[in-house]
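Report on the structure given below.
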Amino acid sequence: MVIMKIKKYFKRLLIKLLNNDLEIKELIREIAKSEAPFKIKTTAPLVEQITTVIPIPAIAEPLRQQLATELDLLRYLENDKELRDYWLGNLPDTEGEQLCQLLAIAAQWERILQLWDFLANRCKQAQRAATPEEQALLAGSVTIHNLIWTDKAACLFSAELDTNYDYQQHERATSKGDTIIEEWLSGLKNPAGQVQKHTLVNTR
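Per my numbering, the sequence shown runs over residues -11 to 192.
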């Protein structure tokens, strides 16, 4: 107790001197100016945290993997507004509902025939073959349609190049020529094996 009282007494005395004694204030200023800068040393080791990021491959949902082809078709349509508006109409907001709408439409044979007509007219107007995406959309739609059958299936069929034009199998993309030089769009056969849409061909 006595030591604590002495410490408090000298503390009050020192504060009083610092506040009132001009000579002590000046002496402290001079000491402060003469002291060289110093660094606080520490014995604690410098620790560097090194974080190693180990990439973990994304694990796709099993259902998305199984529907990868159908989702690709949906993306094709998202990038082709003209075709999407014609064939699917107004799409729902969610991806799941959009996919359901695509499946419901592609399951109908009449809608696949409409898709073929749209693509064939586009090819004729642009004087070109169907793009890989357009061909994939047609083929994928036929695959979806075939899910409703168990003992038969619709299919695409192609033309042989450098053969003669046959009006029962082919449709000309141009108005002249009798020799097939290029296929622009595959033909369609229904599940009964009947030709519903002839192969669109370029002739010379």
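C-beta atoms are modelled at their ideal positions from N, C-alpha and C, and glycine is treated no differently.
Assignment of L76 by DSSP, reduced to helix, strand and coil, places it in the coil class.
Counting along the chain, the unbroken alpha helix (DSSP H) around I132 starts and ends at P120 to H133. Residue L144 holds the alpha-carbon nearest to the alpha-carbon of A127 among Q115, L144 and A117. Looking at the DSSP output, I136 bridges to nothing. Residue range W97 to A114 is occupied by the alpha helix (DSSP H) that includes K112. When the Cα atoms are used, D73 and F106 turn out to be separated by approximately 12 Å.
Beyond the five residues adjoining it in sequence on each side, L87 comes within less than 8 Å, by CB distance, of L55, E58, L59 and L62 in the same chain, given in chain order. Among the bridge pairs identified by DSSP, K185 is matched with L176.
Among the bridge pairs identified by DSSP, E170 is matched with N190. Counting the other Cβ atoms within 10 Å of the Cβ of S146 gives fewer than 16, which makes it exposed. Under the 8 Å Cβ criterion, the region 85 to 105 counts as touching the region 174 to 186, having at least three qualifying pairs.
In this structure, DSSP gives L144 an extended state, which the three-state scheme calls strand.
In this structure the region 123 to 142 does not lie against the region 152 to 162, because fewer than three pairs of beta carbons, one per stretch, are closer than 8 Å. When secondary structure is reduced to three states using DSSP, E49 falls in the coil class, being assigned neither helix nor strand.
Under DSSP, the beta-bridge partners assigned to R160 are V189.
If you look at A56, you'll find it in the alpha helix (DSSP H) that goes A56 to E66.
Within its own chain, the residues whose Cβ lies closer than 8 Å to the Cβ of A117, once the five positions on either side in sequence are excluded, are C111, E170, E171, W172, L173 and N190, listed in chain order. Spanning the alpha carbons of W97 and P50 requires a straight line of approximately 29 Å.
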